[in-house]
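Here the structure comes first, spelled out in structure tokens, and everything after it is commentary.
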Amino acid sequence: MNQERTIGFIGFGNMAQALADGLIRFGNVKPESVFACAAHWDKLTVSAASRGIVPCRTAEETVRQADLVILAVKPYLIEAVTAPIRDLLAGKIVVSVAAGWNFERYQAIFTPETHHISTIPNTPVSVGEGIIVCESRHSLTEEEYSVFETLFSSIAVIQPVETAQLSVAGTLSGCGPAFASMFIEALADGAVKNGLPRAAAYRLASQMIAGTGKLQLQTGMHPGAMKDAVCSPGGTTIVGVSVLEEKGFRGAVIDAIDAIEKKR
Ligand SMILES: NC(=O)c1ccc[n+]([C@@H]2O[C@H](COP(=O)([O-])OP(=O)(O)OC[C@H]3O[C@@H](n4cnc5c(N)ncnc54)[C@H](OP(=O)(O)O)[C@@H]3O)[C@@H](O)[C@H]2O)c1
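Count along the sequence shown from 1, add 2, and you get the number used in the numbering used here.
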């Protein structure tokens, strides 16, 4: 369905590129249907050429070409960057990925006719395994929401949340990859310490995380039950679980989420 849809990125940095890569690879989006603008033209032309997408000189040119516009500049730039294209955004599906920009903030700067939704994606969208948290309050029509959902569910689990939960949901999905990477690295260090080659250790650790996550998503099993299922009485796994418990593993993760929320 997305073959004919045109997508415009306002800002083409890390997050926009991750989204574009995922949509082109998994979302049935043609590179030539993707338009993007950024602050530095030379840099943009390089990242556009490597993907076969169309670089644009201005936000205005980008929006004119696109029927779905993704706002992907840093949060502090949103107001300045959207001011000149305010009227053009009406009539488009506007998807924001800017942290901290919720429905109410956009209502204050957009025309009342603008149909917009605020989201927080994470970078695994580039490999089709991302998360897109979105605010349940939005102004897309049912049909537009269905376009949004169909397009982005090709690269992510879409999770609508209440406005007040956007921050913590973004923390879990957006900061979580750093924690998961640390866990992968630590697992591999433990395995290397016990003789497994480094490359094999990373490969096994990463696939173990991916597979465990997929198992939980597909079965809906309680994570505690999943843990119990691999801990036989008097066995080896429960010894490891007991050490992690002693070292405050779960408490440390909970405190990390708390600390981020306090800093926001
Ligand atoms: N990175 C993440 O994991 C993540 C996760 C969730 C949400 N987000 C959100 O994604 C947004 C972008 O973050 P990012 O990490 O992708 O930042 P980034 O890599 O710095 O990209 C920002 C982009 O905005 C462009 N830009 C700057 N001024 C502009 C202007 N006046 N007009 C058009 N484009 C302009 C930059 O152009 P140049 O490259 O030419 O300077 C760059 O392409 C942020 O709002 C952030 O909250 C990011």
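Virtual Cβ for every residue (Gly too), placed ideally from N, Cα, C.
Contact check for A38 against I55 passes: the beta carbons are separated by less than 8 Å. Looking at the DSSP output, A38 sits in a beta bridge with F11 and P57.
Here the distance from the Cβ of F154 to the nearest heavy atom of ligand 1 is not below 7 Å.
Ligand 1 has a heavy atom closer than 7 Å to the beta-carbon of L46.
Counting only beta-carbon distances shorter than 7 Å to the non-hydrogen atoms of ligand 1, the qualifying residues in chain order are I12, G13, F14, G15, N16, M17, A18, C39, A40, A41, H42, K45, L46, A61, A74, V75, K76, P77, L79, A82, V83, V99, A100, A101, I122, P123, N124, T125, G172 and G176.
Close CB contacts of A101 within its chain, under the 6 Å cut and outside five residues either way in sequence, are with P77 (chain order). G24 and G236 have their C-alpha atoms roughly 45 Å apart.
Scanning T116, G130 and A258 for the CA closest to the CA of T143 turns up T116.
As a beta-bridge residue in DSSP terms, A158 pairs with G132. Residue burial annotation: E187 is exposed, with fewer than 16 other C-beta atoms found within 10 angstroms of its C-beta. Here G29 has N4, L153, S156 and I157 as same chain residues with Cβ atoms under 7 Å from its own Cβ, once five neighbours each way along the sequence are excluded. For the set I122, E6 and T113, the Cα lying nearest the Cα of L90 is the one of T113. Per DSSP, the beta bridge partners of P123 are I134.
A41 is the residue among P162, P57 and A41 whose C-alpha sits nearest the C-alpha of V75. Under the 8 Å Cβ criterion, the stretch 61 to 68 counts as touching the stretch 84 to 99, having at least three qualifying pairs.
When the five nearest sequence neighbours on each side are left out, the beta carbons in the same chain lying within less than 7 Å of the beta carbon of G176 are those of I122 and N124, in order along the chain. Around the beta carbon of A20, a 10 Å sphere encloses 16 or more other beta carbons of the protein chains shown; the residue is thus reported as buried. Here V241 is exposed, its C-beta having fewer than 16 other C-beta atoms within 10 Å.
Counting other Cβ atoms within 10 Å of its Cβ, V255 stays below 16 and is therefore classed as exposed. In the DSSP assignment, H224 forms no beta bridge with any residue. When secondary structure is reduced to three states using DSSP, L142 falls in the coil class, being assigned neither helix nor strand. Taking the CA atoms as reference points, A85 sits about 31 Å from I262. Here T173 is buried. Its C-beta has 16 or more other C-beta atoms within 10 Å. One alpha carbon belongs to Q209, the other to M184, and they sit about 14 Å apart.
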